[in-house]
Amino acid sequence: MKKIIPVIMAGGTGSRLWPLSRELYPKQFISLNNQYSMLQNTVLRLGGLSVEKPIVICNEAHRFLAAEQLLNIDALDRNIILEPVGKNTAPAIALAALFAVTEYGNDSILLVLAADHVIENNNAFLDAIELAVSHAENDELVTFGIVPSHPETGYGYVHRGHQLSDSDAVYKVDKFVEKPDFSTACEYLKSGEFYWNSGMFMFKSGEYLKELEKYRPDIFEHCSAAFSNIQFDLNFIRVDKDSFELCSSESIDYAVIEKTNKAVVIPMDAGWSDVGSWSSLWDISKKNENNNVIKGDVFLVDSANNYISSESLFIATVGVDNLVVVQTKDSILIADKNSVQDVKQVVSYLKDNNRKEHIYHHDKYKPWGKIQSIDHGEGYQVNRITVKPGGKISSQRHEYRAEHWIVVSGTAKVVKGNTTYILSENESTYIPIGELHTLINIGEYALEVIEIQSGTYFGDDDIIHI
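Pasting the structure below:
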């Protein structure tokens, strides 16, 4: 079988999974149902196929998260395309197709996947992909339709047309339909001719570009212009921002798949979920004898059908049913499981009131490691800094804050002004306001430092890089 190039779309913020999912740490980078993140699981489930390194598409703010997670599963190789701005799936996939054409040729086969899907039956997933290859090689644009298990009103549907062969379950696409009401969804389920629109596709990279140019020449033109001026930055591929910003924001469904006469649909019955809400996460999670999903330090009395998750506090419930309770270090969500689609209203409130709880998690990832916020108040802020072996914080100074570093574990090389010295465990140093400084991990293990900042302002724009 010809090698496949996976294209993994890792954008989005997953706002309906707040407070676990944040703008700077969205659900695709979180471990929800095993030790790997959703992005990592998306790559790893392709292990049974002959595939190239994936092309991952994400935005600037998530680049180091994506790189770190790909590195940890040996899938990082100058293969992360950074979108300057979010423009939906049609332009994003166009960038990946343009890159694949330059690396592998027009006939290279792309398997387009989302980074935030769960697949429970991996063999069925791989079987559907293998069936799709010959159709992609025949210049068809394949979409994978999920065989519905219930009358779902939260998904769009694909209606199948005539079957293309007697032996294989492959159909011409008749039409796409929007999210239905409940009675219509029941009719779709009963007919057996409708599938959930999964957002997964397979086609030749050149064929997708040809159909995009045919039906949306404006998107094709702007993406081509953006890609003509790419720059490699570490493992990241940057496109021209000005050109890409001119693109319309359009899904691949509207731009191409609904218009082309080359679209076919292959049913997939693989225990698929897009984990779009707390109730869908409850559906796929392991439950106890009372149908409760429990994460963290939790004790339940006479409680059933709940999703209870604690990050740092003890949670006890008595006599509750069908609730979602999620605690993080800065927020608590309590919701009826039947109303979790409205969590996005909480996120809207936070945005409208210039809050930060929808943006920041307590961890901020950097190319050299991460910063965990521990405490803050009037005139001070406390962080835990983790620097990877060989990692180096950029040379910088601050105009409004001083810093006190205490090494908890590891060995640090500190450059302060014209002075260089080594700090070991339980040793500390003081960085005055305005002093040029940097921190380097010269040990074999992670360097852990407690940083106490004191001053009048602690924003990132007080980091003056040298």
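Sequential numbering of the sequence shown, starting at 389, is according to our numbering. Cβ atoms here follow ideal geometry from the backbone N, Cα and C, with glycine treated the same way. Please read all numbers here as calculations on a predicted model, not as lab measurements.
**OP:** Would you list the residues sitting across from proline 394 in a DSSP beta bridge?
**Re:** Leu499
Original post:
Helix, strand or coil: how does DSSP classify tryptophan 670 here?
Top reply: helix
Original post:
Thinking just about the alpha-carbon of each residue, which of Glu832, Ile821, Asn829 and Glu836 is nearest to the one in threonine 844?
Top reply: Ile821
**OP:** Classify phenylalanine 624 as helix, strand or coil using the three-state DSSP reduction.
**Re:** strand
**OP:** Using only alpha-carbon positions, find the residue among Leu432, Lys780, Gly767 and Ser571 that is nearest to phenylalanine 513.
**Re:** Leu432
Original post:
Going by DSSP, which residues form a beta bridge with asparagine 829?
Top reply: Ala800
Subject >> Test item: CB-CB of valine 565 and tyrosine 545 under 8 Å >> reply: yes
Subject >> Nearest candidate by alpha-carbon position, reference threonine 572, set Glu540, Ala557 and Asp562 >> reply: Glu540
**OP:** Would you list, in sequence order, the uninterrupted beta strand (DSSP E) runs of no fewer than 3 residues that lie entirely inside the stretch 483-533?
**Re:** 497-502
**OP:** Just mark isoleucine 625 as buried or exposed, buried being the case when its beta carbon has 16 or more other beta carbons within 10 Å.
**Re:** buried
**OP:** From the DSSP output, in three-state form, read off glutamine 416 for me.
**Re:** helix
Subject >> Nearest residue (CA-CA) to serine 700, options Pro414, Leu835 and Lys683 >> reply: Lys683
Original post:
Going straight from the alpha carbon of glutamate 440 to that of serine 668, what length do you get?
Top reply: 31 Å
Subject >> Environment of glutamine 551 [buried if 16+ CB atoms lie within 10 Å] >> reply: exposed
Subject >> Counterpart residues of lysine 592 in DSSP-defined beta bridges >> reply: Ile497
Original post:
Using a Cβ-Cβ cut-off of 6 Å (strictly less than) and excluding sequence neighbours within five positions of alanine 502, which residues of its own chain qualify?
Top reply: Met397 and Gly587
**OP:** For the stretch 413-433 and the stretch 442-459, state whether three or more C-beta atom pairs, one from each stretch, are separated by less than 8 Å.
**Re:** yes
Subject >> Of the listed residues Phe417, Ser553, Asn447 and Val500, nearest to proline 394 (C-alpha basis) >> reply: Val500
**OP:** Let me know the secondary structure DSSP gives glutamine 423 once reduced to three states.
**Re:** coil
Original post:
Per DSSP, what kind of secondary structure is isoleucine 618 in: helix, strand or coil?
Top reply: coil
Subject >> Extent of the continuous alpha helix (DSSP H) to which arginine 451 belongs >> reply: 451-460
Subject >> Selected residue, minimal CA-CA separation from glutamate 823, among Asn814, Ile810, Gly805 and Gly831 >> reply: Gly805
Subject >> Reduced DSSP category for tyrosine 543 - H, G, I as helix; E, B as strand; rest coil >> reply: coil
Subject >> Anticipated Cβ contact below 8 Å, valine 714 with proline 407, distance rounded >> reply: 6 Å
Subject >> Whether aspartate 527 touches lysine 592 by CB criterion (8 Å) >> reply: yes
**OP:** Below 8 Å on the Cβ atoms is my guess for threonine 799 versus serine 816; work out the distance and round it to an integer in Å.
**Re:** So it is not a contact: roughly 14 Å between Cβ atoms.
Original post:
To the nearest angstrom, how far is it from the Cα of glutamate 575 to the Cα of glutamate 581?
Top reply: 10 Å
Subject >> Cβ-based neighbour list, proline 403, same chain, cut-off 6 Å, excluding 5 preceding and 5 following >> reply: The sequence shown places serine at residue 403, not proline. Answer for serine 403: Lys732 and Val735, listed in chain order.
Original post:
Where aspartate 630 and lysine 475 are concerned, what is the direct C-alpha to C-alpha distance, given to the nearest angstrom?
Top reply: 13 Å
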